[in-house]
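Asker:
Residue numbers (the numbering used here): 2 to 579.
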């Protein structure tokens with residue numbers, strides 16, 4: 002049995018390490034602010050040069066020192082005025098442009114910080130007088146892989162550590178295990194990890210926002226931003242928590258006072274997460290922050306408590322009341338998680354369709370599946386918990402008379418069950434912890450994914466009319482022929498549409514190809530392929546009228562020929578609304 006437990010522990014450690022490595026080194030997820038509209042619009046041709054560039058996002062955004070870069074057709078960076086927010090509009094940014102601008106296509110690279118602290122970047126083009134093949138690149142879209150990986154790993158470690166520390170504290174306060182020395186390594190390792198990861202997040206925050214290599218020169222600016230202030234507050238609270246713990250070890254404090262002070266510190270610590278993530282932007286912000294705080298505390302009480310229970314079960318004699326109390330604590334935590342989780346899912350998704358049509362919805366489904374497995378394992382643990390606290394019914398012994406004829410002695414109480422199933426409970430708790438690591442990772446991943454509601458807002462103009470459907474299709478031909486095609490269907494609904502396609506080379510500049518073909522097929526209705534009939538318009542491909550007869554999920558096939566012999570066909574799915 003011990004060999005099996007050791008093997009399961011090794012598997013748990015390996016799974017946690019692998020998830021941390023994979024998710025830490027993965028490419029950055031979509032940030033939470035999305036570009037809603039631009040003036041001039043992306044890809045338009047203007048008769049005269051604009052005086053101001055205006056970008057509107059789905060939520061308020063913060064500006065960096067170099068948020069906007071504008072490049073002329075010759076790849077020379079233009080001198081623009083200082084970018085600022087429109088009066089009374091934290092979600093709208095204006096960039097003054099030079100008074101004189103030559104004819105041709107201009108590239109705008111932008112990078113801002115969304116209200117929930119995640120950086121978001123992108124690029125757009127507009128032309129003055131006519132479209133030209135430009136050599137301008139979009140450096141604002143490039144992320145520094147080292148900085149992003151380190152920052153993501155620090156985020157996951159911080160979530161894991163706070164769950165361990167707060168959960169272990171809740172376990173000690175409510176379950177009152179007699180052998181608290183067994184939990185000391187959990188507090189020491191968890192607190193140290195949380196301190197180091199928080200300090201790393203503070204130091205990496207500036208480079209993470211700007212997409213640069215790790216360095217310390219931006220720390221001063223970071224401390225003046227809301228994310229930096231929250232990280233600094235988290236460090237301060239952690240130091241206070243450590244001092245409070247050392248004080249409790251030296252001087253006894255009445256239990257109600259100690260529990261109250263600990264609860265205040267725990268809530269304040271959880272607020273440094275909820276005030277910096279999804280809840281800080283969007284609708285119903287105060288309610289969302291309260292819900293997210295409760296969700297994090299309940300997660301910590303359950304998953305961190307599991308780790309504490311696992312260590313406690315290593316003691317030779319564990320009172321059944323400890324396990325029974327944790328069972329009640331876990332049940333309460335699950336109830337809070339369900340209530341707050343339903344609200345946060347509704348707030349993040351917006352519609353049922355977003356559950357399957359968006360990355361946020363699919364990650365949420367994966368989390369729900371993992372939680373269902375976790376609940377199943379927890380139910381099995383509760384079965385063994387009941388076995389621990391329920392004595393075995395034994396036959397009553399006949400009354401024994403005293404030799405002197407005194408009153409009969411009471412029957413002997415039932416003997417406890419021999420061989421309490423602690424080992425079985427330890428194994429199921431370990432399995433719970435393994436699944437809990439997956440749930441915690443998926444929870445953290447959700448905080449890095451564009452919510453479905455924000456995606457819908459980005460796809461809908463302020464007038465309520467669906468915006469044009471834009472799809473980017475990467476392609477590779479041979480060893481060196483790489484690029485992407487940006488395809489726009491306007492208005493992106495069933496009926497007549499204009500189609501516009503722009504080809505970009507591997508360096509991000511506009512590229513000319515001898516042939517480009519786009520066909521549409523609707524497999525569900527066995528309709529197609531329908532050829533869009535796009536033609537070369539001198540630097541881009543387009544058609545003014547192409548009919549998409551019915552809505553649905555269409556398959557778009559893009560054929561790109563880069564030379565007389567080399568061509569490739571790539572498929573993408575495109576959803577066409579009514």
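Ideal placement from N, C-alpha and C gives every residue a C-beta, glycine not left out.
1) Please give the ranges of any alpha helix (DSSP H) in the stretch 162-211, keeping only runs that are unbroken, at least 4 residues long and fully inside the region.
2) Taking three-plus beta-carbon pairs below 8 Å as touching, is the stretch 219-235 in contact with the stretch 259-277?
3) Are residue 378 and residue 471 close, meaning C-beta to C-beta below 9 Å?
4) How would you call residue 488, buried or exposed, if buried means at least 16 neighbouring beta carbons within 10 angstroms?
5) Indicate, with yes or no, if the ligand PLP has a heavy atom lying under 8 Å from the CB of residue 169.
6) How do the stretch 50-66 and the stretch 142-162 stand: do at least 3 beta-carbon pairs fall below 8 Å, yes or no?
7) DSSP has residue 488 in a bridge; who is on the other side?
8) For residue 433, which residues of its own chain have a beta-carbon under 7 Å away from its beta-carbon, when the five flanking residues on both sides are left out?
9) Return the chain-ordered ranges of every alpha helix (DSSP H) run that is complete within the stretch 327-362 and spans a minimum of 4 residues.
10) Between which residues of its own chain and residue 574 is the CB-CB distance below 8 Å, once the five residues before and five after are set aside?
11) Below 8 Å, how does it come out for the stretch 147-162 and the stretch 203-214: are there three or more Cβ pairs, yes or no?
12) May I ask you to list the residues that DSSP assigns as paired with residue 90?
13) Which of helix, strand or coil does DSSP assign to residue 255?
14) Residue 227: which of 77, 318, 281 and 155 sits nearest, CA to CA?
15) Once the 5 residues before and after residue 311 are set aside, which same chain residues still bring their CB inside 8 Å of it?
16) Could you spell out where the alpha helix (DSSP H) holding residue 221 opens and where it closes?
17) With distance defined between alpha-carbon atoms, name the residue in 88, 83, 94 and 48 nearest to residue 36.
18) Determine contact between the stretch 161-172 and the stretch 76-96, defined as no fewer than three beta-carbon pairs at a distance below 8 Å.
19) Provide the residue(s) that pair with residue 64 in DSSP beta bridges, ordered along the chain.
20) Helix, strand or coil: how does DSSP classify residue 518 here?
21) According to the neighbour-count rule (16 or more other Cβ atoms, all chains shown, within 10 Å of its Cβ), is residue 191 buried or exposed?
22) Could you give the distance in angstroms between the alpha-carbon of residue 194 and the alpha-carbon of residue 284?
23) According to DSSP, simplified to helix, strand and coil, what is residue 545?
24) Consult DSSP for residue 497 and reduce its assignment to one of helix, strand or coil.
Answerer: The structure says:
1) You should have 185-211.
2) Yes: at least three Cβ pairs fall under 8 Å.
3) Result no, Cβ atoms of residue 378 and residue 471 do not sit closer than 9 Å.
4) Flag for residue 488 reads buried.
5) As presented, the structure is devoid of all ligands, the ligand PLP included, so that no description of it is given.
6) No, they do not touch.
7) Residue 488 pairs with 472 and 502.
8) By the criterion of a C-beta distance shorter than 7 Å, residue 433 is surrounded in its chain by 307, 375, 378, 379 and 382, once the five residues flanking it on both sides are discounted.
9) Counting only unbroken stretches of 4 or more residues, the alpha helix (DSSP H) elements lying wholly within the stretch 327-362 are 355-358, in sequence order.
10) Counting only Cβ-Cβ distances below 8 Å, and skipping sequence neighbours, we find 554, 555, 556 and 557.
11) These segments touch.
12) Under the DSSP definition of a beta bridge, residue 90 partners with 87.
13) DSSP places residue 255 in coil when its eight states are reduced to three.
14) Looking at the Cα atoms, 281 is the closest of the given residues.
15) Taken in chain order, the residues that qualify are 427, 430, 431 and 434.
16) First-last of the alpha helix (DSSP H) with residue 221: 220-223.
17) Taking residue 36 as reference, the option from 88, 83, 94 and 48 with the minimal CA-CA separation is 94.
18) Pairwise C-beta distances place the stretch 161-172 out of contact with the stretch 76-96, as fewer than three of them are shorter than 8 Å.
19) By DSSP's assignment, residue 64 forms a beta bridge with 113.
20) Three-state DSSP puts residue 518 in a strand.
21) It counts as buried.
22) Distance between the alpha carbons of residue 194 and residue 284: 33 Å.
23) Residue 545 falls in the strand class under three-state DSSP.
24) DSSP places residue 497 within a strand segment (E or B) once states are collapsed to three.
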